[in-house]
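Novice:
Chains as they are written, first to last, in my numbering: chain A, 1 to 417; chain B, 1001 to 1387; chain C, 2001 to 2193.
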């Protein structure tokens, strides 16, 4: 009982002494939209405590600012949240496959708060830098890793109109950014000044470079079919049939190559635990390790989302959410409850289907971890350089045949009009 | 600090020791797959690699050397059992079995028949426990975490049985010279048969899921081939020997206790590569299930389980050499007695130490990426080799 | 067949008797005469004796499945080669050293077994030799039995017996900074006992 009272006391103190001044500071400096013809002054803003319907335009405005798009949705916070959920689901899923339980004790239901506990632990750990290590690169590389992963996330459209950076050469930009990862791995392993990271970094370099070519060759077939490099247009062009039906081999090659890019089992040579301790991650500890894990799982989300956009039609799916919550404009309390002006049924539906599909692909990526040993480096390189490239060429010819055969493409039989 | 290290190096060089020296050739990189390594257990071996090929390999055991043989000379015959089982804690019923046989020969004890059967059952159970653990770690070495989790989980079946028998999950201290410490509890036989039937189904699953995995086969087939002549000349033992085409099993060649009444086949394969060395323990486990069923069947219903002995038995001066087939291979004890209650000299000849010589022989010329697959397939238990 | 522990034939070499040991068939100090020496093992040993002569080969004991033969250090390589090529014992299971301070000698014993011949698959022939404690020097048998390499190295570090011709007479199991007596010698006492 005493602890609850203490909690309430602390909340009151913090809200009144910190929260309210902060709101005032923000309100005075943010450019605010006009509401019902009036300029929104802070005092008008605070009047929403009396008339809640005034919050909706502000909400609408905030959702469409750039900051929101970059930081929250569909940007970093959304990606990080999905990455966190992925980590937890991976541990549980893998545990069920291996006849065990996984995290159980943190949090009342089946260990839900395990990630929070792990994050706090990593923050509190000491970061040990080996002697002779190249300090600037040692510190910069994990941050660059996360930043690059986030940059890939920035290019992927989640719903029509909801993309952080709507670049006309979207696919090429994605692959250009992905080309940074082997560089980061190599720099970090070199900066660690130790033998095992060195071997691991070289292996990471070999692996990622070997699989980049099948990666974008398989994406090339999609570009041929859709006729555009813009990711939003590619997603829109997959109506009514998704590209995976026409390009199954390409989808398969894309999936395998993304497993290799993500260093997931069976391609986790660069971190092969039993041979080279932890590969290029050997010298990471504490928050550096945490950052690399975060970046790794954000990359998982990014590449799965890319797969969904390229092959599974992006956000396409049956409309299960009502387009509008109320018929015609409403005012007052009903307007607030039906989120007038903020709720857009098409967008919500798009986000829902996109998340479901991405999550499905992520689960598919988690699966090989439980069923397969690690591949050997020479078999890996052989696969990447010979077999996968041949498969992508086969599918490219299929794509070209479909276009010139008049089945897809402009004026084709199966293109929607 | 520097001076101290130099002094230590001088001292050791006087004794003819060689610390891991970096190679002068620039192209070779010296890697120490050291005792603190997730890929080696408590065992260091230094390898020099040229790119991805291993050029030189030098095993350096002794990280967990405890002086077992010296310690035996300070304790009486029965007092030696608890520390002698520490080299292999989960296969302890085999490492003390051989010791008990040798002491019985020296002192002149006859073990009652029911005790012999219970000893054999414990030995087979421990063989399963050890082999499952070995299989689990082989999975980890190849990066297959499910191949670690499933055998470790199924191992609990047998550890449970040994717990019921002896009171301890590992390091049972169950065998003593003269028999076993206590009789089996009620309901043990049914529990054992239930566990064995469940486990036989699981073994089939292991074979279907793990051993037919194309990546597993790719990593182990044709890797580290040990020919039959080399295997015999190098004196390897156990599953390594049987995987190279020599059907030698001490339970068949020199049956001890009641093994001459048990009908079983010696499992062996001819190819001698890592895949064969991974298969033979699986086949051994299947065979062990048959053996256990027969043992449970043929065991006399009642009887003494240990011979009556003085607390410190002693025998006339002499020596004895007895061997037992353990999870790693032939485990032999050479005991010299001088008529006193404490042994004069105990020498333990363990399968791991004998198989160690195959490691440089197989690794030199192979790839670094094959190193875990070759190393662990030699059925090497570092703690036992160090004694 | 299982070993019957009650059947203990005569040992003619015991740790407390002075060296060298008399031949097995002589009725030297044994207290009781047990069952006769097994024929097959006797046949194996007599092959060695007939090749090298009674004076060079001293038989310590012949029991069912176990034979022990004592030779001089200089004859070790020859006898071992003969045993490997003619009798069929193709590998050395272990190499042991025992310290006998009363005789001022160290006995090194090679346990030889056979994988290739079925009739001697269960037999162990122990080939032993003795050398003085103060200057323990023996020829190496790794050119005859490759499997003895690490065992001889361990015997070197544990007992101080130098094997001539062995490429690495070095520390093996002991820690890098070991600066004490070879541990298996009797004058090395474990601390506290």
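Even for Gly, the Cβ is constructed at its ideal location relative to N, Cα and C. Computed from a predicted structure; not experimentally measured.
Under 8 Å between the Cβ atoms of residue 2110 of chain C and residue 2148 of chain C?
Specialist: Cβ distance < 8 Å, so residue 2110 of chain C and residue 2148 of chain C count as in contact.
Novice: Based on DSSP bridge pairs, tell me the residues matched to residue 2109 of chain C.
Specialist: BP columns for residue 2109 of chain C point to C:2096 and C:2128.
Novice: Checking the sheet assignment: what are the DSSP bridge partners for residue 1330 of chain B?
Specialist: Note: residue 1330 of chain B sits in a beta bridge opposite B:1325.
Novice: What's the gap between the Cα of residue 2081 of chain C and the Cα of residue 1188 of chain B?
Specialist: Their backbone Cα atoms lie some 52 Å apart in a straight line.
Novice: Using 8 Å as the cut-off, can you tell me whether the region 2160-2177 of chain C makes contact with the region 1357-1369 of chain B, which would need three or more C-beta pairs spanning the two stretches below that distance?
Specialist: Cβ pair count under 8 Å is below three, so no.
Novice: Roughly how many angstroms lie between the CA atoms of residue 153 of chain A and residue 159 of chain A, to the nearest whole one?
Specialist: Rounded to whole angstroms, residue 153 of chain A to residue 159 of chain A spans 13 Å at the Cα level.
Novice: In terms of residue numbering, what span does the beta strand (DSSP E) encompassing residue 2058 of chain C cover?
Specialist: 2058-2063 is the extent of the beta strand (DSSP E) around residue 2058 of chain C.
Novice: Measure the C-alpha to C-alpha separation of residue 1032 of chain B and residue 2172 of chain C and round it to an integer number of angstroms.
Specialist: Near 16 Å, if we compare the C-alpha coordinates of residue 2172 of chain C and residue 1032 of chain B.
Novice: Name, going along the chain, the residues of the region 1064-1090 of chain B whose beta-carbon falls closer than 9 Å to a beta-carbon of chain C.
Specialist: Going along the region 1064-1090 of chain B in chain order, one finds 1065, 1067, 1069, 1070, 1071, 1073 and 1074 with a Cβ nearer than 9 Å to chain C.
Novice: Since residue 1345 of chain B sits in a beta bridge, which residues does DSSP pair it with?
Specialist: Beta-bridge pairing links residue 1345 of chain B to B:1336.
Novice: I'd like to know whether the C-beta of residue 266 of chain A is nearer than 8 Å to at least one C-beta of chain B.
Specialist: So, interface residue.
Novice: Can you name the start and end residues of the beta strand (DSSP E) that residue 1355 of chain B belongs to?
Specialist: Counting along the chain, residue 1355 of chain B falls outside any beta strand (DSSP E), though it belongs to the alpha helix (DSSP H) covering 1351-1355.
Novice: What are the boundary residues of the beta strand (DSSP E) that residue 1058 of chain B is part of?
Specialist: Run containing residue 1058 of chain B: 1053-1060, per the beta strand (DSSP E) assignment.
Novice: Taking only beta-carbon atoms, is residue 1355 of chain B less than 8 Å away from chain A?
Specialist: It does not; no Cβ of chain A falls within 8 Å.
Novice: If we call anything under 8 Å between Cβ atoms a contact, is residue 253 of chain A one with residue 400 of chain A?
Specialist: In this structure, residue 400 of chain A does not lie closer than 8 Å to residue 253 of chain A by Cβ.
Novice: Do the region 1076-1084 of chain B and the region 1276-1294 of chain B meet, that is, are 3 or more Cβ pairs less than 8 Å apart?
Specialist: In short, these stretches do not touch, since the Cβ pair count stays below three.
Novice: DSSP has residue 1320 of chain B in a bridge; who is on the other side?
Specialist: In DSSP, residue 1320 of chain B forms a bridge with B:1335.
Novice: Since residue 2131 of chain C and residue 2141 of chain C should fall inside the 8 Å C-beta cutoff, what is the C-beta to C-beta distance between them, to a whole number of angstroms?
Specialist: So it is not a contact: roughly 14 Å between Cβ atoms.
Novice: Three-state secondary structure (DSSP) at residue 1190 of chain B?
Specialist: Note: residue 1190 of chain B maps to helix in three-state DSSP.
Novice: If I'm right that residue 310 of chain A touches residue 222 of chain A with Cβ under 8 Å, what's the distance once you round it to whole angstroms?
Specialist: Sure, about 5 Å apart at Cβ, within 8 Å.
Novice: Taking just the CA atoms, how far does residue 1089 of chain B sit from residue 1170 of chain B?
Specialist: Each residue's Cα considered, the two are about 6 Å apart.
Novice: Since I believe residue 164 of chain A is in contact with residue 70 of chain A (beta carbons under 8 Å), could you give me their beta-carbon distance rounded to a whole number of angstroms?
Specialist: With 8 Å as the limit, residue 70 of chain A and residue 164 of chain A qualify as a contact, their Cβ atoms being about 5 Å apart.
Novice: Strictly by DSSP, which residues pair up with residue 2070 of chain C?
Specialist: Answer by DSSP bridge pairing, in chain order: C:2058 and C:2128.
Novice: Which runs of the alpha helix (DSSP H) spanning at least 4 residues fall entirely within the region 1116-1171 of chain B, listed in chain order?
Specialist: 1146-1166, all fully within the region 1116-1171 of chain B.
Novice: Return the residue from the list A:99, A:118 and A:98 that minimises the CA-CA distance to residue 107 of chain A.
Specialist: Among A:99, A:118 and A:98, the Cα nearest to that of residue 107 of chain A belongs to A:118.
Novice: Which one or two residues does DSSP pair with residue 1048 of chain B in a beta bridge?
Specialist: The partner list for residue 1048 of chain B (beta bridge, DSSP) reads B:1030 and B:1056.
Novice: Name the chain A residues whose beta carbon is nearer than 9 Å to that of residue 1215 of chain B?
Specialist: Residues of chain A passing the Cβ test: 266, 372, 373, 374, 375, 376 and 379.
Novice: Taking residue 2166 of chain C as the query, report the chain B residues whose CB atoms sit under 9 Å from its CB, ordered along the chain.
Specialist: Within chain B, no residue comes near residue 2166 of chain C; the closest Cβ sits about 11 Å away, beyond 9 Å.
Novice: Classify residue 1367 of chain B as helix, strand or coil using the three-state DSSP reduction.
Specialist: Residue state, collapsed to three classes: strand.
Novice: Give me the Cα-Cα distance between residue 2044 of chain C and residue 2108 of chain C, rounded to the nearest whole angstrom.
Specialist: Their Cα atoms are separated by approximately 21 Å.
Novice: Quick check: the region 290-306 of chain A against the region 78-87 of chain A, are there 3 or more CB pairs under 8 Å?
Specialist: The region 290-306 of chain A, when compared against the region 78-87 of chain A, does touch it at the 8 Å Cβ threshold.
Novice: Do residue 1034 of chain B and residue 1027 of chain B have their beta-carbon atoms positioned less than 8 Å apart in this structure?
Specialist: The answer is no: Cβ separation not under 8 Å.
Novice: Can you tell me the Cβ-Cβ gap for residue 1122 of chain B and residue 1165 of chain B, rounded? I've got them flagged as a contact below 8 Å.
Specialist: About 6 Å separates the two Cβ atoms, so the contact holds.
Novice: Let me make sure I understand the geometry here. Which of B:1029, B:1030 and B:1036 has the alpha-carbon closest to that of residue 1382 of chain B?
Specialist: Of B:1029, B:1030 and B:1036, the residue nearest in Cα terms is B:1036.
Novice: Rounded to the nearest angstrom, what separates residue 1152 of chain B and residue 1200 of chain B at their Cα positions?
Specialist: Spanning the two alpha carbons is a distance of roughly 15 Å.
Novice: Between which two residues does the alpha helix (DSSP H) holding residue 82 of chain A run?
Specialist: Taken as a continuous stretch (DSSP letters only), the alpha helix (DSSP H) holding residue 82 of chain A covers 76-97.
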